[in-house]
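So the sequence lines, in the order shown, correspond to chains A and B.
First residue of the first sequence: 1, per the numbering used here; consecutive thereafter.
First residue of the second sequence: 1001, per the numbering used here; consecutive thereafter.
These notes concern the structure reproduced below.
Protein chains: 2
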Amino acid sequence: MADASSPADSGRRDATPVKAIDWAQRRIVIDERGLAEALSRFAEVVGTEHVVTELSALRAMGQATVPDSRRPSAIVYPGSADEVAQIIKLAESRSVPLWPCSKGRNWGYGSAAPFLEGTVLLHLERLNRIIEVNEELAYAVIEPGVTYRQLKAFLVQHHPNLWCDCTDGPPDGSVVGNALERGLGVTSYGDHFATLCGLEVVLADGSLIRTGGGEPGHCHTWNTHKWGVGPYLEGLFSQSSLGVVTKAGVWLLRRPQAFVSFTLDLADEANLPRLVDVVRELSLQGVLPQGTHIVNDVVALAVVSQYPRELVGNCTRLPDAVMRELRKHLTIPQWSLGGGLYGTRAQVNAVRAELRRALRGLGRLNVLTDRKVRALLRLETVLESLRSRPLLRQAIAAGFRRLSGKSVELLPVAKRVHSVMQGIPSDYFVRHAYFKSPLEKPEDAHPDRDNCGLIWFAPIAPCTGNHVQVVLNLCKQLFIHHNFDFYAALLMQNSRSMIILLSIFYDKDIPAEANRAQVLYSALTEATQKAGYQQYRTGTMGMAALFSTAPEYGRFVRRLKTALDPMGILAPGKLPH
Amino acid sequence: MADASSPADSGRRDATPVKAIDWAQRRIVIDERGLAEALSRFAEVVGTEHVVTELSALRAMGQATVPDSRRPSAIVYPGSADEVAQIIKLAESRSVPLWPCSKGRNWGYGSAAPFLEGTVLLHLERLNRIIEVNEELAYAVIEPGVTYRQLKAFLVQHHPNLWCDCTDGPPDGSVVGNALERGLGVTSYGDHFATLCGLEVVLADGSLIRTGGGEPGHCHTWNTHKWGVGPYLEGLFSQSSLGVVTKAGVWLLRRPQAFVSFTLDLADEANLPRLVDVVRELSLQGVLPQGTHIVNDVVALAVVSQYPRELVGNCTRLPDAVMRELRKHLTIPQWSLGGGLYGTRAQVNAVRAELRRALRGLGRLNVLTDRKVRALLRLETVLESLRSRPLLRQAIAAGFRRLSGKSVELLPVAKRVHSVMQGIPSDYFVRHAYFKSPLEKPEDAHPDRDNCGLIWFAPIAPCTGNHVQVVLNLCKQLFIHHNFDFYAALLMQNSRSMIILLSIFYDKDIPAEANRAQVLYSALTEATQKAGYQQYRTGTMGMAALFSTAPEYGRFVRRLKTALDPMGILAPGKLPH
């Protein structure tokens, strides 16, 4: 965007809505007439009803769970790849910066909001077609507006032998958008970017390419052979501002013959590094699939409950004694391991046995089959029906606790973990974004709308007990220092790398707390970068610092940006400026 | 290279050894004084002994198993990444085109020889350091001169719990070079490009980057997290001329608890499509790993024998009747399936049972354990010791055949397949390049030196019986038409794609046959491209036509080339000009 910072000099003043860009303040100084002109041109392409400038809509799009999110100056909703190409061509000719967004459910990383205030939002939710599902070869070709919920429903109805992966995040999130951000799912197809095969991309000059040379009619393997022909270039369009993906092949799982989910409560926190090492070895040996994760007590608490203000008053972090008490009451362990096993019946049985052997001494392994889950569901129904008979309900709950060692509060978690591990998305987990919200968790969770305070911070470490412990220690002390609850989920990105997903939950209605959350985020960034740990993914808050420890590589990425998007119209701020 | 085609206009004539480039004739018109000047500058960097211009050496490097290979005008052997960077910087300033080559064992695709006659060979074999082996995280960091043989020997000695993958090609091939060409191996880590993680690359301007921002001391996950930070760009440097890789992380296999290899002789050729479908399903279900392959009779014949000139005279293709007879005599099936199973003992047992069930009715599954292989080895030794007693030998061989259904000629294959599936490279398979050679297979196979005639042609198809059969039919008729034996190996690139590796064996001493081999190659290219099947990888013979069915994508790749290597000094001809 360097060229656009003083467009007054360029003699194109009346053609661009950008007067200047203030990178420090993260905002575009808008020329209203130029913007109006550009939008009227956009409207000729997409229809006036698909160019939105109402303040309430702009506000909603600029609202995110991260503090200090920025508002777009307009929203354009193209309805096809061709319209995307036309809009981008117009945008390039007038230097109109665009912020592409698939569904805008990028909660915790900035939602739909652009990096720079005033960027025009290029919203792709109307591109929501499931173009093809190939049952035999187990893939789908979809547009970026297709959601997990939509894809799963379609498969259940038409292709029950295919499963999609999903995240435990928003069911209305974009399958393609998440994969392009290199998000992680929960099944054996959890590395979402790895499941992309065959992209249709509109470049900054409005031209349209298919990666790998998948021109229609010329390439049967467009969606089956990832690397294509010549250099493999799909990676260019992940975590990037180098193009807008309008169509993507996504590999699907063949429905396995057998499936079970499992959990293990780690008996002694001191064994966490050992658990990480065991998990890595099991994964390297092909015993444990992707999607295996380890979460701490705050994660579990946020899922089953909300911040207990009634117990702690104005404390912004749960005191250790309270946390201990809650853990005991809810039977939440300090750390627990969870995941799914997929395969033939014999394979799953073999793996179960191996898992039990490998985890011996670390805690109790609990394996959930569909049958067991049905029994738990029946118990839940019974308890539900006894709302009016609290004593009987309590007696049953106590009996269950004696038998299983678990509180009945955990029943809803078990069944949802079991189903999400089968790629069935659920609103249930999203509600944990309301942990610090003064609102009660709603049925139709929408953390942006409800002003929930949530920031993801996600460094990645080699998958060894030592490395993971170093990052945890480093970060935990900062959470404590800044008075926030330490939420930590360890997600296997692959057998050799562990994502350490941390969440800063804060009350967004309290400006001072939001400020402190930002300060903590900066401190985490600085400390982990200094210690040599990259982030696996970052949001608008972290983009400016993304390449600060990789200056050579940053320069290289900028060279590509200059070559492919010299006017810097795509997602300004997403790559370092 | 557009700019360099008439460098006389550029006023730099005395600085570049390139007078002109004749793309049609695939040669650079050399200015001898300019070349000498450039080489003397190169020699200042690498030492005079590492700049080679002796005609015999140039001839050797220009010699390949493909017809019509081109000779370099000099060979430069840098000894470090820093020297590579200096050479490239010098080359850029004087527009000296370089053809990078790791070990030059790219047999069947052009070996070490450049696309354009007269390109200076940048030979990386002196960069042969194994820089790190991380036992815990199962990876190595190596230079491009490191070979399969070298890496395996190092692991056997120092890290017996780590296995590397290898190909069934040359043991002295480059691990990194093959991975960058996206070559395929034979174990569960067979997709070699997929096992690369963390590249150090010298760009055309001589600058050095580490992909993903793996600057030393700033990124612990450089070799464990493939995608890095920001856009994932390692793919840029595969099958490409955009940079020279000087160091790479390569993921290694954790030595499995249990391993067996297996083969199945397909009883009825008509069931080949069904077999392909079964293999795909087993792979999608996680039963069969990568490395599973299906080969035809010509492959097996080339491995155990040579072209039986004594039987067929001047025929350049084995008549069907002779082939039938050979198959019967050697107990070679028309098609056979083979692969390895890796995992815990229980997993391998589970998979064996599943495999047996799924393949029922298709042929006899033969599972080889280490123990069985030892027994076969003993038998081989016995037979070897009976060379002087042919009758006894014959009786034992007949007995073995009655019991096993197999000829003793296949004994050497079984043990080598079993060991190569464990990543143990072997000279054995390479010798099949001598199929049409008038020489007997030598111990120290070197097909370039010995003027063997071999061209690989490798289209890729969706992994369905239908698609694979379409490609086979299309190609087989062309082989028959042009009078060459139809060599076909089906290699699973992934669960959804099958590489159809075809080899044109020809007698290189007979110019007419070499000519026909070229004609067949062109016919195969045209027919498969027209039918919508890309090549998964191509050599110097196929580079000019690589993007002919993907013009949009080709233009995009050229844009990148122009941005990163405006003088076109790296590997001219490798990307479309």
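Glycine included, each C-beta is placed from N, C-alpha and C at the ideal position.
task = Throw me the rounded Cβ distance for the W1335 of chain B and L1266 of chain B pair, which I believe falls under 8 Å.
result = As a first step, residue 1335 of chain B must be located in the second sequence, where it is residue number 335. As a first step, residue 1266 of chain B must be located in the second sequence, where it is residue number 266. About 4 Å separates the two Cβ atoms, so the contact holds.
query = Just by C-beta distance, which residues in the region 450-467 of chain A are closer than 8 Å to chain B?
reply = I460, A461, P462, C463, T464 and H467
inquiry  = Which residue marks the beginning of the alpha helix (DSSP H) containing S503 of chain A, and which one marks its end?
reply    = Numbered from 1 along the first sequence, position 503 holds the residue referred to as residue 503 of chain A. That residue, S503 of chain A, is in no alpha helix (DSSP H); its beta strand (DSSP E) goes S497 to Y506.
request  = Spell out whether any CB of chain B is found under 8 Å from the CB atom of Y434 of chain A.
outcome  = Numbered from its first residue, the first sequence carries residue 434 of chain A at position 434. No - not a single Cβ of chain B is within 8 Å of the one on Y434 of chain A.
ask   = Among B:L1253, B:V1408, B:G1169 and B:G1363, which has the Cα closest to the Cα of S1305 of chain B?
value = Working through the second sequence from its first residue, we reach residue 1305 of chain B at position 305. For the residues B:L1253, B:V1408, B:G1169 and B:G1363, the minimum Cα distance to S1305 of chain B belongs to B:V1408.
key: DSSP-derived helix/strand/coil call for G1011 of chain B   = Position 11 of the second sequence holds residue 1011 of chain B. With a pLDDT of 42 at G1011 of chain B, under the threshold of 50, the modelled position of this residue cannot be trusted; read the value that follows with caution. Residue state, collapsed to three classes: coil.
Proximal residues, the region 486-504 of chain A versus chain B, C-beta separation under 8 Å = Q493, N494, S495, R496 and S497
query = If you drop the 5 nearest sequence neighbours on each side, which residues of the same chain put their C-beta closer than 7 Å to that of P1114 of chain B?
reply = Locating residue 1114 of chain B in the second sequence gives position 114, counting from the first residue. Excluding positions up to five away in sequence, the list reads R1070, P1072, W1099 and L1121.
ask   = What is the DSSP secondary structure of G1340 of chain B, reduced to helix, strand or coil?
value = Working through the second sequence from its first residue, we reach residue 1340 of chain B at position 340. If DSSP states are grouped into helix, strand and coil, G1340 of chain B belongs with the strands.
key: chain B contact for S261 of chain A (CB, 8 Å cutoff)   = Start at 1 with the first residue of the first sequence, and residue 261 of chain A comes out as number 261. No, no contact with chain B.
key: Partners in chain A for V1287 of chain B, counting only beta-carbon separations shorter than 8 Å   = Start at 1 with the first residue of the second sequence, and residue 1287 of chain B comes out as number 287. G343, T344 and Q347, listed in chain order.
task = Please list, in chain order, all residues of the same chain as Q1518 of chain B whose beta carbon is under 7 Å from its beta carbon, the five residues on each side excluded.
result = If you number the second sequence from 1, residue 1518 of chain B lands on position 518. The residues are P1067 and D1068.
query = Using a C-beta cutoff of 8 Å, does A1550 of chain B count as contacting chain A?
reply = Within the second sequence, the letter at position 550 stands for residue 1550 of chain B. Yes, A1550 of chain B counts as interfacial toward chain A.
request  = Starting from the beta carbon of Q1518 of chain B, find every residue of chain A whose beta carbon is closer than 7 Å, and list them in chain order.
outcome  = One-based indexing of the second sequence puts residue 1518 of chain B at position 518. Ordered by position in chain A, no residue passes the 7 Å Cβ test against Q1518 of chain B, which lies about 21 Å from the chain.
ask   = By Cβ distance below 8 Å, which residues in the same chain neighbour Q150 of chain A in space, the five residues on each side in sequence not counted?
value = Taking the first sequence and counting its residues from 1, the one referred to as residue 150 of chain A is at position 150. Once the five neighbours on either side are set aside, the close Cβ partners of Q150 of chain A are N128 and I130.
inquiry  = Quick check on DSSP: helix, strand or coil for T1263 of chain B?
reply    = One-based indexing of the second sequence puts residue 1263 of chain B at position 263. Reduced to three states, the DSSP call for T1263 of chain B is strand.
query = From which residue to which residue does the beta strand (DSSP E) around M323 of chain A run?
reply = Translated into the one-based positions of the first sequence, residue 323 of chain A becomes position 323. No beta strand (DSSP E) holds M323 of chain A; the alpha helix (DSSP H) holding it covers D320 to L330.
request  = Please confirm if the region 1049-1058 of chain B is in contact with the region 1130-1146 of chain B, defined as three or more CB-CB distances below 8 Å between the two stretches.
outcome  = no
request  = Anything in chain A within Cβ reach of F1115 of chain B, meaning under 9 Å, just list it in chain order.
outcome  = Locating residue 1115 of chain B in the second sequence gives position 115, counting from the first residue. Near F1115 of chain B there are no residues of chain A at all, since even the closest Cβ is about 14 Å away, more than 9 Å.
inquiry  = I need the straight-line Cα distance from A458 of chain A to G235 of chain A, nearest angstrom please.
reply    = What you label residue 458 of chain A is simply residue 458 of the first sequence in a count that begins at 1. What you label residue 235 of chain A is simply residue 235 of the first sequence in a count that begins at 1. Going by the C-alpha atoms only, they are around 20 Å apart.
message = When you compare the CB positions of E1513 of chain B and T1316 of chain B, do they come within less than 8 Å of one another, or not?
response = Counted from its first residue, the second sequence places residue 1513 of chain B at position 513. Counted from its first residue, the second sequence places residue 1316 of chain B at position 316. Yes; because the gap between Cβ atoms is below 8 Å, this pair is in contact.
inquiry  = What would DSSP say about C1475 of chain B, mapped onto helix, strand or coil?
reply    = As a first step, residue 1475 of chain B is located in the second sequence; it is residue number 475 there, counting from the start. Here C1475 of chain B sits in helix by DSSP.
ask   = Are the Cβ atoms of K406 of chain A and T331 of chain A separated by less than 8 Å?
value = As a first step, residue 406 of chain A must be located in the first sequence, where it is residue number 406. As a first step, residue 331 of chain A must be located in the first sequence, where it is residue number 331. Contact flag set, yes.
request  = Check whether the Cβ of Y434 of chain A lies closer than 7 Å to any heavy atom of the ligand ATP, and answer yes or no.
outcome  = Annotation note on the ligand ATP: not contained in the displayed structure, which lists no ligands.
ask   = For R1210 of chain B, which beta-bridge partners are listed by DSSP?
value = Residue mapping note: residue 1210 of chain B aligns to position 210 of the second sequence, counting from 1. R1210 of chain B pairs with B:E1200.
request  = Give a yes or no on whether the minimum CB-CB distance between R1558 of chain B and chain A is below 8 Å.
outcome  = Reading the second sequence from its first residue, position 558 is the one you call residue 1558 of chain B. For R1558 of chain B, the answer is no, since every Cβ of chain A falls outside 8 Å of its Cβ.
inquiry  = For V417 of chain A and A489 of chain A, what's the separation of their Cα atoms in angstroms?
reply    = Sequence index remark: in the first sequence, residue 417 of chain A carries index 417 (1-based). Sequence index remark: in the first sequence, residue 489 of chain A carries index 489 (1-based). Rounded to the nearest angstrom, the two C-alpha atoms are 14 Å apart.
inquiry  = Please tell me whether T1065 of chain B has its Cβ less than 8 Å away from any Cβ of chain A.
reply    = Residue 1065 of chain B sits at position 65 when you count from the first residue of the second sequence. No, because no Cβ of chain A sits closer than 8 Å to the Cβ of T1065 of chain B.
Residues of its chain near K19 of chain A, where Cβ-Cβ distance is below 6 Å and the 5 sequence neighbours each way are ignored = Walking along the first sequence from the start, residue 19 of chain A turns up at place 19. So the qualifying residues of the chain are V29 and D31.
key: For N366 of chain A, the residue or residues it bridges with in DSSP   = Stepping through the first sequence from its first residue, residue 366 of chain A is reached at position 366. In DSSP, N366 of chain A forms a bridge with A:T263.
request  = Count the other C-beta atoms from every protein chain shown that fall within 10 angstroms of the C-beta of K1226 of chain B, then say buried if there are 16 or more, exposed otherwise.
outcome  = Taking the first residue of the second sequence as 1, we reach residue 1226 of chain B at position 226. The residue is buried, with at least 16 neighbouring Cβ atoms inside 10 Å.
Option in A:Q63, A:P78, A:A153 and A:A36 with minimal Cα separation from V578 of chain A = This structure cannot speak to residue 578 of chain A, because chain A is shown only from 1 to 577.
Run of the alpha helix (DSSP H) containing P1591 of chain B, from where it starts to where it stops = This structure cannot settle anything about residue 1591 of chain B, because the visible part of chain B is limited to 1001 through 1577.
inquiry  = On the CB-based measure, 16 or more other CB atoms within 10 Å of its CB, does G230 of chain A come out buried or exposed?
reply    = The count along the first sequence starts at 1 and reaches residue 230 of chain A at position 230. By the neighbour-count rule (16 or more Cβ atoms within 10 Å), G230 of chain A is buried.
key: Beta-carbon proximity list for P1007 of chain B, same chain, < 8 Å, skipping 5 on both sides   = In the second sequence, the residue the question calls residue 1007 of chain B occupies position 7. Low confidence applies to P1007 of chain B: its pLDDT is 40, below 50, so where it sits in the model is not reliable, and the reading given next is rough at best. Same-chain partners within the cutoff: R1013, T1016, V1018, K1019, A1020 and S1095.
task = Closer than 7 Å by beta-carbon distance: list the chain B residues that pair up with W23 of chain A, in chain order.
result = Residue mapping note: residue 23 of chain A aligns to position 23 of the first sequence, counting from 1. Those within 7 Å of W23 of chain A in chain B number zero; the least Cβ separation is about 18 Å.
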